[in-house]
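>
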Amino acid sequence: RGPPLLTAAAGPPTASRSSMACTFRWVPYRSDARMGLNHQMSSLSCAMNEAAALGRSFVLPAEICTAAGHNSGGACIPFDELFDVALLSSFVPVRLANATGDPGSGVTLRAGCNAACARAEYPCSSHPNLQRRQSGLW
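Count along the sequence shown from 1, add 98, and you get the number used in the working numbering.
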């Protein structure tokens with residue numbers, strides 16, 4: 099398999115950013131795979147921006163899957179083979195879900211709770227690991 103498809107030279111995140119103990123997990127629905135990679139990338143970009151707005155490390159799935167209708171036969175590709183995780187970390191600290199020290203699933207934000215609501219109702223001190231389950235586009 100070659101290098102990640104999205105790549106660029108990027109240094110590691112700064113010490114203050116990499117030491118963030120609070121996380122925000124991207125939890126794509128299984129139906130996202132049926133909608134194709136473009137849909138998943140749209141969802142990913144929204145979640146990454148939300149993690150940055152919340153000042154939390156961004157936890158990504160170990161792999162991204164697409165259905166047979168979008169690829170001949172469908173496929174699951176390890177996330178770090180598709181994307182340059184160091185480059186993503188230049189925007190927000192990133193961790194893969196299968197990495198050592200994975201924080202687990204955490205608390206799921208209630209429906210309708212935007213980033214401002216999440217900051218107010220789910221502070222890092224009492225909810226260090228958050229996730230959002232979103233059906234359809236963010």
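From the three backbone atoms N, C-alpha and C, an ideal C-beta is built for every residue, glycine too.
Spell out a yes or no on whether the region 213–225 and the region 145–154 are touching, meaning 3 or more CB-CB pairs, one atom from each, closer than 8 Å.
yes
> Sort His225, His137, Leu185 by Cα distance to alanine 119 and report the nearest one.
For this step, residue 119 is matched to residue 21 along the sequence shown. Cα-wise, what sits closest to alanine 119 is His225.
> Identify whether phenylalanine 181 lies in helix, strand or coil by the three-state DSSP scheme.
Working through the sequence shown from its first residue, we reach residue 181 at position 83. Reduced to three states, the DSSP call for phenylalanine 181 is strand.
> So who's on the other strand from leucine 158, going by DSSP bridges?
As a first step, residue 158 is located in the sequence shown; it is residue number 60 there, counting from the start. Leu194.
> Below 8 Å on the Cβ atoms is my contact criterion, and I expect phenylalanine 177 with leucine 158 to pass it. Report the Cβ-Cβ distance as a whole number of Å.
Start at 1 with the first residue of the sequence shown, and residue 177 comes out as number 79. Start at 1 with the first residue of the sequence shown, and residue 158 comes out as number 60. Between leucine 158 and phenylalanine 177 the Cβ distance is about 5 Å, and since that is below 8 Å, they are a contact.
> Would you kindly report the start and end of the unbroken beta strand (DSSP E) that includes cysteine 174?
The residue given as residue 174 occupies position 76 in the sequence shown. Bounds of the beta strand (DSSP E) holding cysteine 174 are 173–176.
> Roughly how many whole angstroms lie between the Cα atoms of glycine 100 and leucine 180?
Within the sequence shown, numbered from 1, the residue matching residue 100 stands at position 2. Within the sequence shown, numbered from 1, the residue matching residue 180 stands at position 82. Confidence at glycine 100 is low in this model, with a pLDDT of 49, below 50, so its placement is unreliable and the value that follows should be read with caution. So the alpha carbons of these two residues sit roughly 9 Å apart.
> Which residues does DSSP pair with phenylalanine 122 in a beta bridge?
Mapped onto the sequence shown, residue 122 falls at position 24. In DSSP, phenylalanine 122 forms a bridge with Phe156, Leu228.
> The alpha helix (DSSP H) that contains cysteine 215, what's its start and end?
For the purposes of this step, residue 215 is taken as the residue at position 117 of the sequence shown. Run containing cysteine 215: 213–219, per the alpha helix (DSSP H) assignment.
> Where does alanine 166 land, buried or exposed, given buried means 16+ other C-beta within 10 angstroms?
For this step, residue 166 is matched to residue 68 along the sequence shown. By the neighbour-count criterion, in which 16 or more other beta carbons inside 10 Å mark a residue as buried, alanine 166 falls on the exposed side.
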